[in-house]
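Asks: Note that this note's numbering gives residue 959 to position 170 of the sequence shown, counting from 1, and the numbers run on in steps of one. For every residue, glycine included, the Cβ atom is placed at its ideal position computed from N, Cα and C. Below is one structure. I have some questions about it.
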Amino acid sequence: MSSPRLSLAERASYGFGDFGYSLAYNMAGAFLLYYYTTVVGLPAAAVGTIFLVARMLDAVIDPLVGVAVDKTRTRWGRTRPWFLFTAVPYALVFIATFNVPHWSEGAQIVYAFITFKALGIIMSLGSIPYTALMPMMTDNAADRLRLGGWRSIGTSVGVILGTAATMPLVGMLGGGSEAAGFLRTAILFGALSLFALAMLFRNCRERIADEAPASAFRVIPAVGQMLRNRAWAVCFGFCLLYFVRFGAMLGLTIFYAKDVLQKPWLIPVMLPMVSGGLLLAAFIAPPILARTGIRKGCIGAIGLALALLALMAGLDHAADLHIGALVLPPLLLPYFAFAIVTSVTITAIFSMAASTADYHQARFGVRHEGLLSSGISTSTKVGMAIGSALGAFILSWAGYVPDAVSEAARADIRSAYFLATGALLAAQAVIVWFWPMDGNWRPRLDPMGA
């Protein structure tokens, strides 16, 4: 029997959840390096070590959180208590992260590591149950696509505020002190996150329950089942490649604009277009994917993205268009369209992640939303880490020297910017071709696996 349709308030509150978690984490991800090194004055090598060790620990922490969610049974449900009890600590630790005391350098490094890692742990304690919540809210495919759209809206607004609005707020609230400005901005964003997570807890409900008792959960067999879940494997691989491409392209866009196009003023134009594309895709993706299905919709979006990528490569050195006082490089139009089209696939990923629990139940008789969601969460973090490293490796391969960029280096960066992006998009298309839940798919219990 299909679940009742979700109200607008419930769908919007689900979107609030991603806004609540992403706003704080995006500000930290975008500005902690600057804050630690420039405002606090910590050594860059120490800051890099803090980030590296903290991210490595995520690979251990996320699956543990997923297992804990699958073992949770409370009067509020399995996921909602995690929002209730982590919302306040998340806001407070986020504020503490941007309030490094005037201690000795060694003590400051320890403080920075503890607060940054604590922020990541509490983020996992909330974001993994949040991802696991969607398949518990409804089994209606159209509503899941709408929830994915609302989540994309929450993500994009969190990215825009957490990145584009931070430095203006630091200047406005700091009264001439960047340290005070960062702290007060963190307090403001922490309050917004707390409100958003309160709405998530208050308005979203779990309707589909895993009937298996918590005592029946066994970690090793559960992990083995997860790895044999074809829908989960496709979602994991598709999501991993999305964030590898996203991380690499995002990092290289700065060098592409500054050194290849030799137009550094394009950096604050091109980067916000990514968030704008995500926001627009949140509205257009659900009806498109509902009509085409996940497989055809994603492959069609990727095919269009590849065509736009080729058009970008053909226009990147074309003469600028002058429309009154406005200077518009022709590249920007296909670039923005590319951002919108590729963002359609992230809405698909949210819906795919929810559907993996249905596939799991059909094959193994249990849902294990927490464990499955932790795997998808890991793919996003690993993908971004690989993508960021790939961008650095490309610069190294090109022989990039910041103060003396050679023509050969510019050519190598340009080639990699388009070719690596195209290769990763094509690989995504191959992986999503194996998505098993479109068309006439019907549940079929198979204890031996997919």
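Below 7 Å between beta carbons: does that hold for Met1062 and Phe1125?
Replies: In contact: Met1062 and Phe1125 (Cβ atoms closer than 7 Å).
Asks: Helix, strand or coil, according to DSSP, for Ile1091 in the structure here?
Replies: Ile1091: helix per DSSP, three-state reduction.
Asks: Would DSSP call His1111 helix, strand or coil?
Replies: Note: His1111 maps to strand in three-state DSSP.
Asks: Which of the three DSSP states, helix, strand or coil, is assigned to Ala801?
Replies: Correct three-state label for Ala801: helix.
Asks: Tell me which residue opens and which closes the alpha helix (DSSP H) that Trp892 is part of.
Replies: Premise fails: Trp892 is in no alpha helix (DSSP H) and is neither H nor E.
Asks: How would you label His1106, buried or exposed, when you count the other beta carbons within 10 angstroms and need 16 or more for buried?
Replies: Looking at its Cβ environment, which holds fewer than 16 other Cβ atoms inside 10 Å, His1106 is exposed.
Asks: Which value, in whole angstroms, describes the spacing of the CA atoms of Val1194 and Thr955?
Replies: Whole-angstrom Cα-Cα distance: 30 Å.
Asks: With Tyr1148 as the anchor, note down where its alpha helix (DSSP H) starts and where it stops.
Replies: Start and end: Leu1121 to Phe1153.
Asks: Run through DSSP, which three-state label would Val1190 get?
Replies: In the structure shown, Val1190 sits in coil (DSSP, three-state: anything other than H, G, I, E or B).
Asks: What is the residue span of the alpha helix (DSSP H) that Ala1261 lies within?
Replies: Outside the displayed range of the chain (790 to 1239) lies residue 1261, so it cannot be described from this structure.
Asks: Is Gly809 helix, strand or coil when you go by DSSP?
Replies: Helix at Gly809.
Asks: Taking the CB atoms as reference points, tell me whether Val1130 and Leu1100 lie closer together than 7 Å.
Replies: Not in contact: Val1130 and Leu1100 (Cβ atoms no closer than 7 Å).
Asks: Give the straight-line distance between the Cα atoms of Val1219 and Pro1225, rounded to the nearest whole angstrom.
Replies: Computed Cα separation, rounded: 13 Å.
Asks: If Met1173 sits next to Gly1082, beta carbons under 8 Å apart, how far is it from one beta carbon to the other, in whole angstroms?
Replies: Contact doesn't hold; Cβ gap of about 28 Å is too wide.
Asks: According to DSSP, which residues form a beta bridge with Leu1117?
Replies: According to DSSP, Leu1117 bridges with Leu1110.
Asks: Name the one or two DSSP bridge partners that Gly866 has.
Replies: DSSP lists Thr863 as partners of Gly866.
Asks: Excluding sequence positions up to five away, which residues of its chain have a Cβ less than 7 Å from the Cβ of Ala997?
Replies: At residue 997 the sequence reads Ile, which differs from the Ala that was named. Excluding residues within five positions, the ones whose Cβ falls inside 7 Å are Ser792, Pro924, Met925 and Asp928.
Asks: Hey, quick one: how far does the alpha helix (DSSP H) through Met1226 stretch, first residue to last?
Replies: Met1226 -> no alpha helix (DSSP H), and no H or E assigned at all.
Asks: Would you kindly work out how many angstroms separate the C-alpha atoms of Trp1222 and Ile1091, rounded to a whole number?
Replies: Roughly 12 Å separates the two Cα atoms.
Asks: Shortest alpha-carbon distance to Ile1135 belongs to which of Gln1014, Ser941, Glu1158 and Leu1069?
Replies: For Ile1135, the nearest C-alpha among the options comes from Ser941.
Asks: Mind checking which residues open and close the alpha helix (DSSP H) that includes Ser1064?
Replies: Start and end: Ile1056 to Thr1081.
Asks: Give me the Cα-Cα distance between Arg1017 and Tyr803, rounded to the nearest whole angstrom.
Replies: Approximately 29 Å, taken between the alpha carbons.
Asks: Are the beta-carbon atoms of Gly970 and Leu962 separated by less than 7 Å?
Replies: Yes, the pair counts as a contact, with Cβ atoms nearer than the cut-off.
Asks: So which of Ile884, Tyr823 and Cys1028 has the shortest CA-CA distance to Val1171?
Replies: Cα-wise, what sits closest to Val1171 is Cys1028.
Asks: Could you tell me the alpha carbon to alpha carbon distance between Ala817 and Arg867, rounded to whole angstroms?
Replies: Answer to the nearest angstrom: the Cα atoms are 28 Å apart.
Asks: Beta carbon of Arg800, beta carbon of Arg1007: below 7 Å?
Replies: In this structure, Arg1007 does not lie closer than 7 Å to Arg800 by Cβ.
Asks: On the premise that Gly895 lies in contact with Ala843, defined as a C-beta separation below 8 Å, what is that separation, rounded to the nearest angstrom?
Replies: Not a contact, Cβ separation roughly 18 Å.
Asks: Where Ala1181 and Gly1040 are concerned, what is the direct C-alpha to C-alpha distance, given to the nearest angstrom?
Replies: Straight-line Cα distance between these residues: approximately 8 Å.
Asks: Look at the Cβ atom of Gly809, then the Cβ atom of Ala1074, and state whether they are nearer than 7 Å.
Replies: Their beta carbons are not under 7 Å apart, which means Gly809 does not touch Ala1074 by this criterion.
Asks: Assuming Gly943 contacts Ser1140 under a Cβ cut-off of 8 Å, what Cβ separation, rounded to an integer in Å, is found between them?
Replies: At roughly 15 Å, the Cβ-Cβ gap does not stay under 8 Å, so Gly943 and Ser1140 are not in contact.
Asks: What distance in whole Å lies between the Cβ atoms of Thr886 and Thr904, which are believed to be in contact at a cut-off of 8 Å?
Replies: Confirmed, Cβ separation roughly 4 Å.
Asks: Within its chain, find whatever has a CB closer than 6 Å to the CB of Ser1132; leave out the 5 residues flanking it on each side and keep chain order.
Replies: Excluding sequence neighbours, Ser1132 sits near Gly1066, Leu1067 and Ala1070.
Asks: From Phe1025 to Tyr1045, what distance separates their C-alpha atoms?
Replies: Using only the alpha carbons, I get a separation of about 29 Å.
Asks: Going by the beta-carbon positions, is the gap between Val854 and Leu1160 smaller than 7 Å?
Replies: No, these two residues do not count as a Cβ contact at 7 Å.
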